[in-house]
Amino acid sequence: MFDWFTGLAAWELLALEPPGWGGVLLRGFAASIQIAIGGYLLGFLIGVCGATGKLYGGPILRDVLDVYTTLVRAVPELVLILLLYYAGTDLLNRFMAMIGAGPVDISGLAAGIFVIGVVQGAYQTEVLRGAFKAVPHGQIEAARAYGMSSFQVLRRVTLPGMLPHAVPGLANLWLIATKDTALLAVVGFSELTLVTRQAAGATKSYFLFFCAAGVLYLLLTLFSNVIIGWIERYARRGMPAVR
Amino acid sequence: MGPELRSWREPHRLVLIGVAVAIIAFAAINMRWDWLPRYSGRLVEGVGTTLWLLFLTSVLGFLLAVPLGLAQAAGPVWLAAPARAFCTVIRGTPLLLQLWLLYYGLGSLFAEYPEIRDSWAWPYLRSAWPYGVLALTLSFAGYEGEVMRGAFAGVPKGELEAGRAYGMSPWTSFRRIWLPRAIHRALPTLAGETVLQLKATPLVATITVVDVYAIISRVRQDTYLTYEPLLLLALIYMILTGILVVAFRWLEAKVPVKG
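From first to last, the protein sequence lines stand for chains L and D.
If you use the working numbering, the first sequence corresponds to residues 422 to 664, in order.
If you use the working numbering, the second sequence corresponds to residues 1205 to 1463, in order.
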């Protein structure tokens, strides 16, 4: 009658050593975190460039960036991941053939980071642009009037001024990045969700493994929230408390 | 939006539009689209399934989000704590994982009970779409419940006190003041939340629900084409997103901003 409960409680399946699947799960979790960090950083790089381009670029660059952010935000991540995964590997191989080198085997890790990065970049562009525009222009003018160089203005006024406006959005995007890595399961990359499904399918204890993976994702989210809280408190120092 | 729409005739925009038209023409001529007529009927059906899923799960999810938000904003601890835990779990784990937990987990669990297998509900429980609807509904409720918490908490206390001063019972003041004001405050987030929900629907194709994404996957398997079906799929989702955004803008224009 309660065999599902014993199935749920077959904890030896989670053991780290080979009869158990705990080690496989943890390796998948590590891969997920790696992709999330790499994709997030790549996205931040794209976001900084994109926001700079949208704010200071010429009319053509601004329109092209608008097309990029609109397209990425209007198409499901799952579809984007498939498109970028095939298009990215295909283009790279054509490029390698063009310069006379043989086809390269792209690691799933690099492809995953690339895909998550391009998606994150569109959202981070918008967050950073909004945060930059939230810095009162008078402050920047005041800094210039003091004779600060543009780098000094950036370091002393613009960056500290935009940080409190950027942190909530960027933090939210980090949480989205960690969860978007699960979509790479669909292209067959062995991150946490896919190895969980394999482990569950092999042992037939679906509840145990999917719950265990859920706990891992949840721990990552809660841990991130603690760090985000610290960063937010630092970014908002000297400002009135929210609510 | 206004000035951007008006200025499409600027020279550099004309050039960009020309480039876009050239790319589309290149794609239309040089790529293979002969499969399109064969699948057009099924594609329309798939879009219908996607939209039906979106509509059903958004409405059900919103209905579930109202008590979730209320419990967190004003409920006693024994209601607020589970509601907050639910929202945290839903928002802290990937939807794909939730979907697979429900489909494979609950599905294999139900199959073990002869009572369930022999009951009238079995044909439904054996198919995939109830699990897709359930997972998408819970996901929408989790995200929107958090929004509703803030919306309920943000309704000025004075308005509720005014209701009480008029002699309204708690239920009447909830029905006439608190709920409408909270929904009004949550409305701007609803557009973005619904677009996110649309973009989450293709995940149900991984549990064999036949939405437009599943049809396109079928096309890719049948024709061995990589890009054409995916590009068409991206275009379909872009159009659906555009329609949603315009519809919500229209809806928001109907509702008075200052209330």
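Every residue gets a Cβ at the ideal spot worked out from N, C-alpha and C, and that includes glycine.
Closest to residue i by C-alpha separation, out of the options, would be which residue?
i	options	result
Ala555 (chain L)	L:Tyr544, L:Gly443, L:Ala633 and L:Val578	L:Val578
Ala1395 (chain D)	D:Leu1220, D:Ala1409 and D:Val1449	D:Val1449
Arg654 (chain L)	L:Ala587, L:Gly459 and L:Thr602	L:Ala587
Gly479 (chain L)	D:Arg1353, D:Met1442, D:His1216 and D:Arg1385	D:His1216
Pro1241 (chain D)	D:Leu1313, D:Thr1254, D:Leu1300 and D:Pro1433	D:Pro1433
Arg494 (chain L)	L:Ala451, L:Leu580, L:Val548 and L:Leu463	L:Val548
Gly459 (chain L)	L:Leu505, L:Gly609, L:Gly521 and L:Gly542	L:Gly542
Leu462 (chain L)	L:Gly443, L:Ile537 and L:Ala634	L:Ile537
Ala598 (chain L)	L:Gly635, L:Ala620, L:Tyr544 and L:Ala531	L:Tyr544
Glu498 (chain L)	D:Leu1299, D:Leu1436 and D:Ala1404	D:Ala1404
Asn593 (chain L)	L:Thr642, L:Ile561, L:Ala518 and L:Ala522	L:Thr642
Val1337 (chain D)	D:Leu1306, D:Ile1228 and D:Glu1363	D:Leu1306
Leu1303 (chain D)	L:Tyr627, L:Trp651 and L:Ile467	L:Tyr627
Pro661 (chain L)	L:Pro585, L:Ala603 and L:Cys632	L:Pro585
Ala1438 (chain D)	L:Ala552, L:Val500, L:Asn646 and L:Ala620	L:Val500
Tyr1415 (chain D)	D:Gly1358, D:Ala1332 and D:Ala1451	The question names Tyr, but residue 1415 (chain D) in the sequence shown is Asp. For the residues D:Gly1358, D:Ala1332 and D:Ala1451, the minimum Cα distance to Asp1415 (chain D) belongs to D:Ala1332.
Gly464 (chain L)	L:Gly659, L:Trp651, L:Leu446 and L:Val539	L:Val539
Arg1453 (chain D)	D:Gln1401, D:Thr1393 and D:Leu1299	D:Thr1393
Gly650 (chain L)	L:Ser611, L:Gly659, L:Pro589 and L:Phe630	L:Pro589
Leu447 (chain L)	L:Ile502, L:Tyr489, L:Arg658 and L:Tyr638	L:Tyr638
Lys475 (chain L)	L:Pro557, L:Ser571, L:Ala552 and L:Gly559	L:Ala552
What separation, rounded to the nearest whole angstrom, lies between the Cα atoms of residue i and residue j?
i	j	result
Leu575 (chain L)	Met569 (chain L)	9 angstroms
Phe644 (chain L)	Ala1355 (chain D)	27 angstroms
Gly1245 (chain D)	Asp1238 (chain D)	14 angstroms
Ser1262 (chain D)	Tyr1347 (chain D)	11 angstroms
Gly1406 (chain D)	Tyr1417 (chain D)	Checking the sequence, you will find Pro at residue 1406 (chain D) rather than Gly. C-alpha separation (whole angstroms): 6 angstroms.
Leu640 (chain L)	Thr1297 (chain D)	9 angstroms
Lys1458 (chain D)	Trp1382 (chain D)	20 angstroms
Gly529 (chain L)	Thr617 (chain L)	17 angstroms
Gly1463 (chain D)	Val607 (chain L)	With a pLDDT of only 47 at Gly1463 (chain D), under the threshold of 50, the placement of this residue in the model should not be trusted, and no figure is reported.
Pro1318 (chain D)	Arg1330 (chain D)	13 angstroms
Val609 (chain L)	Leu615 (chain L)	Here residue 609 (chain L) is Gly; the residue named in the question, Val, does not match the sequence. Approximately 7 angstroms, taken between the alpha carbons.
Phe1409 (chain D)	Gln573 (chain L)	Note that residue 1409 (chain D) is Ala in the sequence shown here, rather than Phe. The alpha-carbon atoms of Ala1409 (chain D) and Gln573 (chain L) are separated by roughly 52 angstroms.
Leu512 (chain L)	Leu504 (chain L)	12 angstroms
Ile648 (chain L)	Arg1236 (chain D)	50 angstroms
Val636 (chain L)	Val1293 (chain D)	9 angstroms
Gly428 (chain L)	Lys625 (chain L)	For Gly428 (chain L), the predicted structure reports a pLDDT of 48, less than 50, and the residue's modelled location is therefore unreliable. The matter cannot be settled from this model.
Ala563 (chain L)	Leu605 (chain L)	48 angstroms
Arg1380 (chain D)	Leu492 (chain L)	41 angstroms
Ala1289 (chain D)	Ala1277 (chain D)	14 angstroms
Thr1398 (chain D)	Gly1446 (chain D)	12 angstroms
Val1413 (chain D)	Met519 (chain L)	42 angstroms
Ala1275 (chain D)	Arg1385 (chain D)	17 angstroms
Leu482 (chain L)	Cys470 (chain L)	11 angstroms
Met583 (chain L)	Gly468 (chain L)	14 angstroms
Gly441 (chain L)	Asp601 (chain L)	27 angstroms
Gly1279 (chain D)	Val525 (chain L)	58 angstroms
Ser1211 (chain D)	Val485 (chain L)	15 angstroms
Leu1301 (chain D)	Phe1259 (chain D)	22 angstroms
Gln1401 (chain D)	Ile1443 (chain D)	15 angstroms
Tyr1370 (chain D)	Gly1358 (chain D)	21 angstroms
Arg664 (chain L)	Glu1214 (chain D)	Annotation note: pLDDT 48 at Arg664 (chain L) (below 50); position unreliable, no value reported.
Check the C-beta distance from residue i over to residue j and give it rounded, since I have them as a contact under 8 angstroms.
i	j	result
Gly509 (chain L)	Ile456 (chain L)	The Cβ separation is near 14 angstroms, so there is no contact.
Ala656 (chain L)	Arg550 (chain L)	No, Ala656 (chain L) and Arg550 (chain L) are not in contact; Cβ-Cβ is about 18 angstroms, not under 8 angstroms.
Ile1411 (chain D)	Tyr1335 (chain D)	6 angstroms
Tyr1441 (chain D)	Val496 (chain L)	5 angstroms
Leu1391 (chain D)	Glu1456 (chain D)	6 angstroms
Ser453 (chain L)	Leu596 (chain L)	Not quite, the Cβ-Cβ distance comes to about 13 angstroms (not below 8 angstroms), so this is no contact.
Gly1273 (chain D)	Met1372 (chain D)	Contact doesn't hold; Cβ gap of about 21 angstroms is too wide.
Ile1419 (chain D)	Gly1252 (chain D)	Rounded, the Cβ-Cβ distance is 11 angstroms, inconsistent with contact.
Leu1429 (chain D)	Ala1231 (chain D)	The Cβ separation is near 12 angstroms, so there is no contact.
Ala633 (chain L)	Val445 (chain L)	Between Val445 (chain L) and Ala633 (chain L) the Cβ distance is about 11 angstroms, and since that is not below 8 angstroms, they are no contact.
I want to check one thing, is the minimum distance from the CB of residue i to the heavy atoms of the ligand FMN below 8 angstroms?
i	result
Gly1311 (chain D)	This structure lacks the ligand FMN, and indeed carries no ligand of any kind.
Quick one: list the residues of chain A neighbouring residue i, beta-carbon separation under 7 angstroms, in chain order.
i	result
Thr642 (chain L)	No chain A appears in this structure, whose protein chains are L and D.
| query | Using Cβ-Cβ distances below 8 angstroms, what residues of the stretch 1425-1441 of chain D are close to chain L? | reply | Thr1430, Tyr1431, Leu1434, Leu1435, Leu1437, Ala1438 and Tyr1441
| How about the stretch 1339-1346 of chain D and the stretch 1265-1281 of chain D: do they share at least three Cβ pairs that are nearer than 8 angstroms? | yes
| message | So, does the stretch 1213-1229 of chain D touch the stretch 1371-1378 of chain D, judging by three or more C-beta pairs under 8 angstroms? | response | no
| request: Using a Cβ-Cβ cut-off of less than 9 angstroms, list which residues of the stretch 461-476 of chain L approach chain D; keep chain order. | output: none
| task | Report yes or no: do three or more beta-carbon pairs, one from the stretch 1241-1259 of chain D and one from the stretch 1316-1327 of chain D, lie closer than 8 angstroms? | result | no
| message | Give me the subset of the stretch 604-621 of chain L whose CB atoms are less than 9 angstroms from a CB atom of chain D, sorted by chain position. | response | Leu604, Ala606, Val607, Leu613, Thr614, Thr617, Arg618 and Ala621
| request: Name, going along the chain, the residues of the stretch 1301-1317 of chain D whose beta-carbon falls closer than 7 angstroms to a beta-carbon of chain L. | output: Leu1301, Trp1304, Leu1305, Tyr1308, Gly1309, Ser1312, Leu1313 and Glu1316
| message | Under 9 angstroms, CB to CB, which of the residues in the stretch 479-506 of chain L have a partner in chain D? | response | Gly479, Pro480, Ile481, Asp484, Val485, Asp487, Val488, Thr491, Leu492, Arg494, Ala495, Val496, Pro497, Glu498, Leu499, Val500, Leu501, Leu503 and Leu504
| query | Are the stretch 1422-1429 of chain D and the stretch 1302-1321 of chain D touching by the rule of at least three beta carbon pairs closer than 8 angstroms? | reply | no
| query | Between the stretch 1391-1411 of chain D and chain L, which residues of the former have CB atoms less than 7 angstroms from a CB of the latter, in chain order? | reply | Lys1403, Pro1406, Leu1407 and Thr1410
| field | Contacting positions in the stretch 1212-1229 of chain D - beta carbon closer than 8 angstroms to chain L | value | Glu1214, His1216, Arg1217, Val1219 and Leu1220
| field | Contacting positions in the stretch 1277-1303 of chain D - beta carbon closer than 9 angstroms to chain L | value | Thr1292, Val1293, Arg1295, Gly1296, Thr1297, Pro1298, Leu1299, Leu1300, Leu1301 and Gln1302
| Mind listing which residues of the stretch 1445-1458 of chain D have their C-beta closer than 9 angstroms to chain L's C-betas, in chain order? | Thr1445, Gly1446 and Val1449
| request: Please list the residues of the stretch 625-638 of chain L that have a C-beta atom closer than 8 angstroms to any C-beta atom in chain D, keeping them in chain order. | output: Lys625, Tyr627, Phe628, Phe631, Cys632, Ala634, Gly635 and Tyr638
| said: At a CB distance below 7 angstroms, what residues from the stretch 578-601 of chain L approach chain D? Give them in sequence order. | reply: Lys600
| Which residues, taken in chain order from the stretch 539-564 of chain L, show a beta carbon closer than 9 angstroms to some beta carbon of chain D? | none
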